[in-house]
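Colleague: A single structure is presented below for examination.
Numbering (our numbering), first residue to last: 19 to 148.
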């Protein structure tokens, strides 16, 4: 690579990172890009999927901030556009566990089905941001 790839952080990374961020390959370690049992990795799948869908802003939790460095490197190597990124503090449930799809956490769809108003959802989220 002729220049170190960068991404724009519109949120606030875990250490308060904002603005143009140069990727740091030393954070990456040995990254799995493909596996025999599933064919591709999360990193490669989201990189290609975001480009295919024309994603211009990726919003996700602080826990994925360092993975962004891998995604931007892959975007650069594959000639794909790099979206802006916004990382946020993790939203947690009443017991302090982070809300995650893989843990079958309560979704916005479920809250709407229960008749919870958007204002009430915002209030709950503000109370549970770590």
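All C-beta atoms, glycine included, are put in the ideal place defined by N, C-alpha and C.
Smallest Cα separation from residue 51: which of 41, 27, 62?
Modeller: Walking along the chain shown from the start, residue 51 turns up at place 33. Residue 51 has its Cα closest to that of 62, out of 41, 27, 62.
Colleague: Going by beta-carbon coordinates alone, are residue 104 and residue 77 separated by less than 8 angstroms?
Modeller: If you number the chain shown from 1, residue 104 lands on position 86. If you number the chain shown from 1, residue 77 lands on position 59. Closer than 8 angstroms, so yes.
Colleague: Roughly how many angstroms separate the alpha carbons of residue 115 and residue 136, rounded to a whole number?
Modeller: For the purposes of this step, residue 115 is identified with residue 97 of the chain shown, where counting begins at 1. For the purposes of this step, residue 136 is identified with residue 118 of the chain shown, where counting begins at 1. So the alpha carbons of these two residues sit roughly 22 angstroms apart.
Colleague: For the beta strand (DSSP E) containing residue 75, name the first residue and the last one.
Modeller: Taking the first residue of the chain shown as position 1, residue 75 is located at position 57. 75-79 is the span of the beta strand (DSSP E), which, as asked, contains residue 75.
Colleague: For residue 99, does the count of other Cβ atoms within 10 angstroms reach 16, so buried, or fall short, so exposed?
Modeller: For the purposes of this step, residue 99 is identified with residue 81 of the chain shown, where counting begins at 1. Classification for residue 99: exposed.
Colleague: In this structure, how does DSSP classify residue 89 when only helix, strand and coil are distinguished?
Modeller: Locating residue 89 in the chain shown gives position 71, counting from the first residue. Helix at residue 89.
Colleague: Just the C-alpha distance for residue 44 and residue 121, rounded to the nearest angstrom, thanks.
Modeller: Position 26 of the chain shown, counting from 1, holds the residue named residue 44. Position 103 of the chain shown, counting from 1, holds the residue named residue 121. So the two alpha carbons sit approximately 30 angstroms from each other.
Colleague: Taking 8 angstroms as the cut-off, does the segment 31-40 touch the segment 56-71 (at least 3 CB pairs, one atom from each stretch)?
Modeller: With a cut-off of 8 angstroms, the segment 31-40 and the segment 56-71 do not count as touching, because too few Cβ pairs lie within range.
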